[in-house]
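Residue numbers (the working numbering), protein chains in the order written: chain A, 1 to 173; chain B, 1001 to 1320.
Virtual Cβ for every residue (Gly too), placed ideally from N, Cα, C.
Just so it is clear, the structure is predicted and the values come from calculations on it, not from any experiment.
Below: the structure, in structure tokens.
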Amino acid sequence: MPADDLSLRSAVNTLYSEHQSWLHGWLRQRLGNACDAADLVQDTFVRVITARNAMEIREPRPYLSRVAKGLLIDLFRRRSLEQSYLEALANVPEAEYPSPEEQAILLQALLDIDRMLEGLGSKVRQAFILSQFDGLTYPQIAERLGISERSVNNYMAKAMEHCCLMQIRMQCS
Amino acid sequence: MSLCSPPLSAAERQAISAAARWYARFRSGSQTEQEQQAWLQWLADDQLHREAWTRMQQVDEQMAAVPGRLAAPTLRGASHSRREVLRGMVLVAAAGSLGALGWRSETAQNLLADYRTQVGERREVRLADGSSLLLNTDTSVNVRFDGQQRVLELLWGEILVNSVVDPLQRPFRVDTRYGQVLASGARFLVRSSAEGDQVAAVDQALQVSPSARGAAQRLDAGRHLQLNALGLGPVALNDVTLGAWRQGSIIAINRPLGELLADLSRYRRGVVRCDPRIAELKISGAFPIDNTDLALAALHSGFALTIKRYTPYWVTVSAA
């Protein structure tokens, strides 16, 4: 093991032993639930380890809470997506109801797509969803959103470029 | 090539951008023969173009793998982008204002509150001044105590407050979306939901002031009132149904089934749906909130209602 790795490892260990119970308390207060909090503590330190910058952290608690806050927001988005998924599911006829396994896969796929769409402007996002998932034509989308067909075309290109770049980023993280 | 290569080169980015423009043309369904030829030429020109196009196809396949009728409403419903969420949090922090994110239990500000209970959880919290708080299900509260004041901010949910008189004589206040409750040494209930707020005085009078127009009003012990964007509602007498959650139940006296189920679903993850044809059916009884399956079973056996479960998260109540 290179010397760098050794000192990184000891920096992470110190960080963990000195701050993990504080972080757990911080998260539990916000989540109201010790299990979720323990999961997020774990995830936070995984982030710290993979970032490989434990040695440069000057103010551990603000740093850890910043990372944890990002994870809380992810959790929040996940729950928000699950909620709207359940609402969407309510309108599916019983006969076409996906099995629990299918649902788990579907939900994960939707989470990935939701992440890929993250950061798109609202009109671009709307146009993209109308085309990809509602199956509307460009003229129909143009009418629905009150924009020109040319704009729909540009929005679609923009959205696809964005999704593609996000997909590359997601494969990296 | 590793999956995670170094940042894209300018040429790679350009290729992706061009591929996306081609994709958009194809998707319009109105591309011309000429464009088709130009696209083939573009593909033939450069290995980077072909790689970029392959990526486009991968993204397209990923989108096509989910059924549109589920994906479209789901993605539209969950349009809180990370940026929106963060911006909301910044706004809240800057203005100290509520409602910047809309009014739902799972907005980021609620999730990041000082104290929070999960759906189905109740929790008692002791505050620095000796006052205590009982948080009902799915509740978020911020606590701001300083040298001058004691303020609780009820973001969502329901609390029972046991406030103590302060040796420092700092006032004790609860801020809700639609108003403020002033109390000291009083025991009282506050609830904040999508429909508005409710304040109930238990053992002493409170002072309630609306955020909307209108003067503050004294609320005597044993009485409650609603407040919303329009101001304060009429005062009514408390009855046994109020605050029964402290003992772990919902007490219903001639309550419309639709309302009762809406109340029950506060304590249960997922959706409880009431067949609209029986929503007005009057129900009386006590229903446990710590085990909502039992409550549903009681509706089935006591009122001959059909409880249909599509998934544990989706329950429909209808006539037998």
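One Cα belongs to B:V1235, the other to B:Q1226, and the distance between them is close to 8 Å.
One thing to note: B:A1194 has its Cβ no nearer than 7 Å to the Cβ of B:R1223.
For A:S131, the closest alpha carbon among the candidates B:R1273, B:A1015, B:R1025 and B:L1264 is that of B:R1025.
Per DSSP, B:E1158 is one residue of the beta strand (DSSP E) stretching across R1150 to N1162.
For A:I57, there is no enclosing beta strand (DSSP E), as DSSP marks it with neither H nor E. B:A1072 sits close to A:F133, with the two beta carbons spaced by under 7 Å. The Cβ atoms of B:Y1267 and B:T1292 lie closer than 7 Å to each other. Sixteen is the threshold: when 16 or more other Cβ atoms of the shown chains lie within 10 Å of the Cβ of B:G1179, as they do, the residue is buried. The continuous alpha helix (DSSP H) containing B:R1055 extends over residues Q1047 to A1064. B:A1010 counts as exposed, since fewer than 16 other beta carbons sit within 10 angstroms of its beta carbon. Here the alpha carbon of A:V124 sits roughly 13 Å from the alpha carbon of A:G146.
In the structure shown, the three-state DSSP call for B:Y1115 is strand. With contacts defined by Cβ atoms closer than 7 Å, B:Q1217 and B:L1206 do not form a contacting pair. Distance from the CA of A:R52 to the CA of A:S65, rounded to the nearest whole angstrom, comes to 17 Å.
Beta-carbon to beta-carbon, B:V1271 and B:L1264 are separated by about 11 Å, too far to satisfy the 8 Å threshold. Identification of chain A residues near B:A1113 by a Cβ-Cβ cut-off of 8 Å yields R30, ordered along the chain. Listed along the chain, the chain A residues whose CB falls inside 9 Å of the CB of B:G1077 are S80, L81, Q83, S84, Y85, E87 and A88. Proximity of the stretch 1011 to 1018 of chain B to the stretch 1042 to 1051 of chain B meets the contact definition, three or more beta-carbon pairs being nearer than 8 Å. Counted as a single uninterrupted DSSP element, the beta strand (DSSP E) harbouring B:V1315 occupies residues W1314 to A1319.
Rounded to the nearest whole angstrom, the CA to CA distance from A:M170 to A:C163 is 10 Å.
Distance from the CA of B:E1124 to the CA of A:W22, rounded to the nearest whole angstrom, comes to 21 Å. Contact between B:G1285 and B:A1298 holds, since their C-beta atoms are separated by about 7 Å, short of 8 Å. Interface residue (Cβ-Cβ distance to chain A less than 7 Å): B:P1073 is classified as such. Annotated as proximal: A:V152 and A:A142, with beta-carbon spacing under 7 Å. With respect to the 7 Å criterion, B:I1289 and B:L1257 are not classified as neighbours on the basis of their beta carbons. Using a Cβ-Cβ distance cut-off of 8 Å, the stretch 1241 to 1248 of chain B and the stretch 52 to 63 of chain A are not in contact, since fewer than three pairs of beta carbons, one from each stretch, lie closer than that value. In terms of beta-carbon proximity, A:Q167 lines the interface with chain B, with at least one pair separated by less than 7 Å. At a cut-off of 7 Å, the C-beta of B:L1242 has no neighbouring C-beta in chain A.
Restricting attention to A:V41, A:Q83, A:V48 and A:S10, the CA atom closest to the CA of A:L72 is found in A:V41. At a cut-off of 7 Å, the C-beta of A:F128 has no neighbouring C-beta in chain B. In the three-state DSSP reduction, B:S1211 falls in the coil class, being neither helix nor strand. A:N33 has a beta carbon lying within less than 7 Å of a beta carbon in chain B. Linking B:T1117 to A:D36 through their CA atoms gives a straight-line distance of about 12 Å. Between B:D1203 and B:R1187, the C-beta gap is smaller than 7 Å, which places the two residues in contact. With a 10 Å radius around the Cβ and a threshold of 16 neighbouring Cβ atoms, A:M55 comes out exposed.
Contact between the stretch 1153 to 1162 of chain B and the stretch 1125 to 1140 of chain B is present: 3 or more CB-CB pairs across the two stretches fall below 8 Å.
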